[in-house]
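If you read the protein sequences in the order shown, they are chains A and B.
With positions in the first sequence counted from 1, the corresponding number in the numbering used here is that position plus 7.
With positions in the second sequence counted from 1, the corresponding number in the numbering used here is that position plus 1.
All residues carry an ideal CB built from backbone N, CA and C; glycine is no exception.
Below is one structure, written out as structure tokens, with a few remarks after it.
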Amino acid sequence: ETGVTQSPTHLIKTRGQQVTLRCSSQSGHNTVSWYQQALGQGPQFIFQYYREEENGRGNFPPRFSGLQFPNYSSELNVNALELDDSALYLCASSGSGEQYFGPGTRLTVT
Amino acid sequence: EDQVTQSPEALRLQEGESSSLNCSYTVSGLRGLFWYRQDPGKGPEFLFTLYSAGEEKEKERLKATLTKKESFLHITAPKPEDSATYLCAVQDSGNTPLVFGKGTRLSVIA
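Structure, rendered in structure tokens:
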């Protein structure tokens with residue numbers, strides 16, 4: 008059974024640029040959730056995708072957008088990057104139960 | 002609005018010194034309470050799910066318990082490898098997103 012994977016591991020971007028983060032869900036899981044985790048804080052929910060449709064969104068602006076593909080992998084896109092977007096971005100996949108997290112992507116915006 | 006508060010923020014223990022971490026929560030209808038372990042710069046690792054008051058689960062030196070207002074993670078005779086941040090999260094009814102606390106940072110000194 009393959010776990011949740013994310014790419015890239017680390018990323019450095021300049022304010023105003025755009026970034027795409029990728030996530031492959033665990034085998035058999037059809038739901039992917041994205042979270043943002045600032046240093047010293049718990050993860051904050053960005054949005055969730057279920058069978059390629061957005062299925063819930065947290066308190067994040069529209070410049071945070073996403074996609075889910077037929078194989079249930081997912082992308083998180085962030086436009087017009089701001090310094091406060093620097094964080095660990097976590098992807099979690101789930102079937103009907105617990106959410107299992109990937110290793111995260113560390114995004115630094117300078 | 003669902004809320005999760007974890008205490009203490011940080012805990013330093015000597016190897017073998019047992020203790021407990023607290024997670025207080027408010028939620029309209031609890032579907033599940035989750036405990037995760039997170040090592041620095043990594044994604045959260047699933048530990049336990051608790052569904053109803055009175056439920057207990059154990060794994061090696063860890064035991065999680067649940068009441069109607071809080072959960073405890075008991076650590077018995079901890080070892081240095083137990084050092085990590087422990088996160089608590091709640092999920093409302095349905096496949097809603099997890100709401101996390103800020104975590105307890107545990108350090109176990111040999």
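Delimiting residues of the beta strand (DSSP E) encompassing residue i
| i | result |
| --- | --- |
| B:Thr111 | Checking the sequence, you will find Ala at residue 111 of chain B rather than Thr. Unbroken run through B:Ala111: none, as it is neither H nor E. |
| B:Tyr37 | 31-39 |
| B:Thr77 | Where B:Thr77 is concerned, there is no enclosing beta strand (DSSP E), given that its DSSP letter is neither H nor E. |
| A:Gly63 | 60-64 |
| A:Val116 | 112-116 |
| A:Gln43 | 38-44 |
| B:Leu99 | First-last for B:Leu99: undefined, no H or E at that position. |
| A:Phe76 | Taken as a continuous stretch (DSSP letters only), A:Phe76 belongs to no beta strand (DSSP E), as it is neither H nor E. |
| A:Lys20 | 17-20 |
| B:Glu46 | 46-51 |
| A:Ser26 | Correcting the residue identity first, residue 26 of chain A is Val in this sequence and not Ser. Counting along the chain, the beta strand (DSSP E) containing A:Val26 begins and ends at 26-31. |
| B:Thr68 | Note, B:Thr68: premise wrong, no beta strand (DSSP E); not H, not E. |
| B:Gln15 | 11-15 |
| A:Ser14 | 12-14 |
| A:Phe52 | 51-57 |
Any chain B beta carbon closer than 8 Å to residue i
| i | result |
| --- | --- |
| A:Tyr107 | yes |
| A:Phe52 | yes |
| A:Gly23 | no |
| A:Leu46 | no |
| A:Gln55 | yes |
| A:Trp73 | Inspection of the sequence shows that residue 73 of chain A is occupied by Gly rather than by Trp. Not one chain B Cβ lies under 8 Å of A:Gly73. |
| A:Pro15 | no |
| A:Gly63 | yes |
| A:Arg113 | yes |
| A:Gly35 | no |
| A:Leu90 | no |
| A:Pro110 | yes |
Any C-beta of chain A under 8 Å from that of residue i
| i | result |
| --- | --- |
| B:Pro9 | no |
| B:Phe73 | no |
| B:Gly30 | no |
| B:Pro112 | The question about residue 112 of chain B has no answer here: the residues shown for chain B are numbered 2 through 111. |
| B:Gly44 | yes |
Where residue i falls: helix, strand or coil (DSSP)
| i | result |
| --- | --- |
| B:Asp93 | strand |
| B:Glu59 | strand |
| A:Leu90 | helix |
| B:Tyr26 | strand |
| A:Ala99 | strand |
| A:Glu82 | strand |
| B:Val118 | Examination of residue 118 of chain B is not possible in this model, given that chain B is present from 2 through 111 alone. |
| A:Phe71 | strand |
| B:Ser84 | coil |
| B:Ser19 | coil |
Assumed close pair residue i, residue j - CB separation to whole angstroms, cut-off 8 Å
| i | j | result |
| --- | --- | --- |
| A:Ser40 | A:Val11 | Rounded, the Cβ-Cβ distance is 11 Å, inconsistent with contact. |
| B:Leu22 | B:Phe73 | 7 Å |
| A:Ala94 | A:Tyr107 | 20 Å between Cβ atoms; not a contact. |
| A:Glu82 | A:Leu74 | 5 Å |
| B:Ser94 | B:Arg13 | 38 Å between Cβ atoms; not a contact. |
| A:Gln33 | A:Tyr42 | 16 Å between Cβ atoms; not a contact. |
| B:Ala78 | B:Ser20 | At roughly 10 Å, the Cβ-Cβ gap does not stay under 8 Å, so B:Ala78 and B:Ser20 are not in contact. |
**OP:** With 8 Å as the C-beta to C-beta threshold (strictly closer), list the residues of the region 81-107 of chain B near chain A in chain order.
**Re:** Leu88, Ala90, Asn96, Thr97, Pro98, Leu99, Val100, Phe101, Gly102, Lys103, Gly104
Subject >> Chain-ordered residues of the region 50-79 of chain B with a beta carbon less than 7 Å from chain A >> reply: Close to chain A, meaning a Cβ-Cβ distance shorter than 7 Å, are the following residues of the region 50-79 of chain B: Thr50.
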